[in-house]
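Just below is one structure, and these are the notes that go with it.
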Amino acid sequence: MATLDEQIKTEIGKAVSAVVGQPVDSVQVQPTNPEFEGSHTLVCFPLTKLTRKSPEETARLIGEELTKGQLFSRYNVVKGFLNLSVTDPVWVSTLQNIARLPQFGQTVPHGREVMIEYSSPNTNKPLHLGHLRNNFLGFSVSEIFRALGYTVHRVQIINDRGIHICKSMAAWQLFGNGETPESSGIKGDHLVGKYYVLFDKQYKKEMADLAARGVPEAEAEKEAPIMKLAIDLLRKWESKDEATLALWKTMNGWVYEGFNKTYRQMGVLFDKLYYESDTYLLGKDEVLKGVQQGVFYKKEDGSVWVDLTQDGLDNKVLLRADGTSVYMTQDIGTAILRFRDFPNIEGQVYTVGNEQEYHFKVLFLILKKLGFAFADKCYHLSYGMVDLPTGKMKSREGTVVDADDLMKEMLDEAENQTRALGKIDEMTDAQAHELFDMVGMGALKFFLLKVDPKKRMLFDPAESIQLQGHTGPFIQYTHARIQALLRKAAELKVSPNTDALDLSVALDSAELQVIALLNSYPVRLQEAGRTYSPAVVAAFAYDLAKEYNQFYQSISILGETDKAKVNLRLCLSLTVGRALKHSMSLLGIRVPDKM
RNA sequence: GGUCCGGUAGCUCAACUGGAUAGAGCAUCAGCCUUCUAAGCUGACGGUUCGGGGUUCGAGUCCCUGCCGGAUCACCA
């Protein structure tokens with residue numbers, strides 16, 4: 022059966038063709054401004070060239086034609102805008118169709134597959150605010166694609182090797198005295214991060230000493246004893262020195278234990294993990310093959326390059342003169358490996374900050390030059406930096422907002438405000454804590470996801486813990502309110518019955534607005550998928566909650582004497598509740614039944 | 001310097017990809033709980049959409065130009 026939107030489009034198409042006298046391929050329909058009567062508006066200016074009449078006259082003729090049918094009851098014309106009113110029975114039956122689908126918004130799985138990468142941290146320090154935006158985005162986009170019927174593989178590449186972890190290892194060897202997460206009570210990732218900071222401190226001190234002795238800076242950078250130790254550890258690691266590997270494994274193990282706790286609190290999941298230590302050599306063969314194919318070229322010193330000047334970019338190194346890989350080499354290898362692991366995926370989505378836009382442009386170009394068709398289906402989900410009111414986050418200046426700390430603060434704040442409102446009086450301790458978690462995380466996730474991913478955003482802590490207004494908790498509250506209403510209805514034995522919906526009830530404009538909004542959900546979801554933007558889903562959830570609250574506040578539901586109206590309003594509430602729950606779940610946000 | 005983003009109310013963000021009088025939240029002020037959860041609702045205040053040109057029935061949106069902010073252009077990752 023055709024959806025309301027499809028029916029409307031066909032009807033309007035027919036009417037326009039009838040008035041214009043010839044088929045018109047595309048007509049422009051938009052939602053009517055709330056200040057005018059109607060729900061759908063046809064923009065008639067573009068048609069005047071064909072009708073050779075004024076916009077008003079054109080609109081009037083089409084309006085006359087349309088109101089002959091069953092879909093529209095009335096029309097009005099403002100300038101060249103034809104505002105159309107869909108009849109109440111059509112709206113009620115639209116609501117009925119939606120209410121009959123418990124999985125409204127969910128597309129039936131069609132088997133197409135995508136891979137989505139997100140998170141992908143280094144293992145030398147704990148996760149911070151920037152990672153939160155990354156993880157929430159990646160997880161949410163995964164959920165959106167699942168809702169659109171895709172099979173999604175959520176992956177990350179863990180940067181577990183390299184000089185950064187060797188720095189932490191070096192500092193631990195020097196200053197650690199055998200300290201472990203158990204002995205110190207410090208979470209593993211934070212403990213390793215502590216030594217990374219210690220490394221930096223010591224390194225700076227040694228640099229200063231060397232400078233005082235007149236050693237040039239460039240030389241001092243490499244000659245500082247602790248740096249020499251780190252470089253030595255990296256070399257030993259690459260030659261598979263047993264003791265070094267053991268320490269590396271131990272310290273990475275601490276980090277993973279810490280990360281897993283953080284991921285659990287964040288509520289994100291992965292289907293497969295890739296480790297750089299397994300994949301970092303993979304790209305080399307492909308690059309060498311590329312040299313043979315003539316896609317890349319080798320310089321006299323033995324380094325391998327790709328010439329991208331034809332594509333408006335530069336020359337880029339792919340293998341160092343000593344034959345070792347660079348970051349790009351690894352990424353080529355990893356990309357190819359993933360398509361081998363999952364031959365059916367259409368493409369990969371990389372959730373990585375916008376400072377790496379150039380890198381991914383180059384990566385996709387190279388994959389294409391190597392002849393991989395999937396290169397066209399790769400997408401860099403590039404997101405903007407998260408700034409603080411004090412400016413940019415800088416680890417060296419200690420202005421980084423730690424992910425664990427922040428989440429804890431959010432939960433504490435949720436608890437404070439919830440207690441202050443006396444909301445947990447009838448709850449068990451466990452229920453209360455689950456609520457604090459839902460509200461705190463809901464506030465944080467919504468705050469980070471409501472902004473267009475592409476845009477750089479400001480994280481104001483004071484604003485992020487707001488639980489009123491344009492926030493996650495506002496939407497959660499609306500959901501809880503609806504559930505309370507439905508519980509009350511059940512007590513009164515008037516639970517919503519979608520089959521009993523009476524198509525002849527007259528709709529209030531507040532009811533109509535809510536139904537129209539509900540009806541737009543599938544389109545909004547499509548848009549969210551097309552633009553890889555959870556912000557679209559967040560906007561929908563907020564709009565719906567806002568609109569519902571206006572309805573709820575202006576119209577009595579259980580106090581209504583007309584039984585048909587009570588049932589309609591309950592069905593409407595039930596359906597809104599489901600849509601809120603579903604859309605919020607796509608953001609990784611849970612909604613409570615009481616709050 | 002080259003390339004790519006961005007600049008919208010005091011602040012944080014929208015604006016269905018060219019449509020009507022540019023919308024929300026926060027903040028400020030004024031109202032609404034004896035009635036389905038006030039984490040709510042209603043109203044007021046708040047704008048030269050960075051400046052200047054252009055394209056057309058119509059521009060925050062497209063083109064040119066200037067200003068401001070950011071990212072990037074490594075044998076780093």
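Note that the numbering used here gives residue 87 to position 66 of the first sequence, counting from 1, and the numbers run on in steps of one. Note that CB positions come from ideal geometry on N, CA and C, so glycine has one too. Here the structure is a predicted model, which means the values were calculated and not measured.
- Bridge pairing for Pro52: His61 [DSSP].
- Every alpha helix (DSSP H) of 4 residues or more that sits fully in the stretch 313-394 is shown, in chain order, as 348-362, 378-390.
- DSSP places Arg81 in the uninterrupted alpha helix (DSSP H) bounded by 76-87.
- Burial is judged here by how many other beta carbons sit within 10 angstroms of a residue's own beta carbon; Ala441 has fewer than 16 and is exposed.
- For His152, there is no enclosing beta strand (DSSP E); the enclosing alpha helix (DSSP H) covers residues 150-168.
- The DSSP-derived three-state label of Asp181 is coil.
- Our two residues, Ser594 and Ser516, have alpha carbons roughly 11 Å apart in a direct line.
- In this structure His131 is exposed. Its beta-carbon is surrounded by fewer than 16 other beta-carbon atoms within 10 angstroms.
- Look at Lys476 here: in three-state DSSP terms it is coil, with no helix or strand label.
- Per the coordinates, the alpha-carbon of Gly151 lies some 15 Å from the alpha-carbon of Thr144.
- Residues of the same chain with a CB within less than 6 Å of the CB of Phe385, apart from the 5 flanking positions on each side, are Ala396, Cys399 in chain order.
- Per DSSP, reduced to three states, the secondary structure at Asn97 is strand.
- The C-beta of Lys208 has 16 or more other C-beta atoms within 10 Å across all chains shown, which makes the residue buried.
- Contact between the stretch 102-122 and the stretch 332-352 is absent, with fewer than three C-beta pairs closer than 8 Å.
- The Cβ neighbour count for Arg545, taken over all protein chains shown within 10 Å, is at least 16; the residue is labelled buried.
- Contact between Leu539 and Leu507 is absent: CB atoms are separated by about 16 Å, not below the 8 Å threshold.
- Counting other Cβ atoms within 10 Å of its Cβ, Phe291 reaches 16 or more and is therefore classed as buried.
- CA-CA distance, Ser324 to Leu266, rounds to 29 Å.
- For Val460, the closest C-alpha among the options Glu447, Thr201, Ile496, Ile29 is that of Ile496.
- A distance of 7 Å or more separates the beta carbons of Ser346 and Lys310.
- Ile165 and Thr519 have their C-alpha atoms some 27 Å from each other.
- In the DSSP assignment, Glu134 falls within the beta strand (DSSP E) that extends over 134-138.
- Between Thr128 and Leu169, the gap from beta carbon to beta carbon is short of 7 Å.
- Assigned with DSSP and collapsed to three states, Gly412 falls in strand.
- Inter-residue distance for Leu254 and Arg285 is about 32 Å (C-alpha atoms, whole angstroms).
- Taking a contact as a CB-CB distance under 8 Å, the pair Leu522 and Cys592 counts as one, their CB atoms being some 6 Å apart.
- With contacts defined by Cβ atoms closer than 7 Å, His500 and Val612 form a contacting pair.
- Remark: fewer than three beta-carbon pairs, one from each stretch, lie closer than 8 Å, so the stretch 109-125 and the stretch 373-380 are not flagged as touching.
- For Met605, the CB contacts under 8 Å within the same chain, skipping 5 residues up- and downstream, are Gly463, Gly493, Ile496, Gln497, His500, Ala562, Arg611, Val612 in chain order.
- A direct Cα-to-Cα measurement between Leu122 and Gln534 gives close to 20 Å.
- Taking Glu200 as reference, the option from Gln369, Trp258, Thr271 with the minimal CA-CA separation is Thr271.
- The alpha carbon of Ile137 has as its nearest neighbour, out of Lys413, Ala23, His454, Ser163, the alpha carbon of Ser163.
- In the three-state reduction of the DSSP assignment, Ser604 falls in the helix class, which pools H, G and I.
- Distance between Tyr295 and Leu302, taken at the CA atoms: about 13 Å.
- Nearest to Leu148 by alpha-carbon distance, out of Ile252, Lys444, Lys215, is Lys215.
- Counted as a single uninterrupted DSSP element, the alpha helix (DSSP H) harbouring Ser530 occupies residues 530-540.
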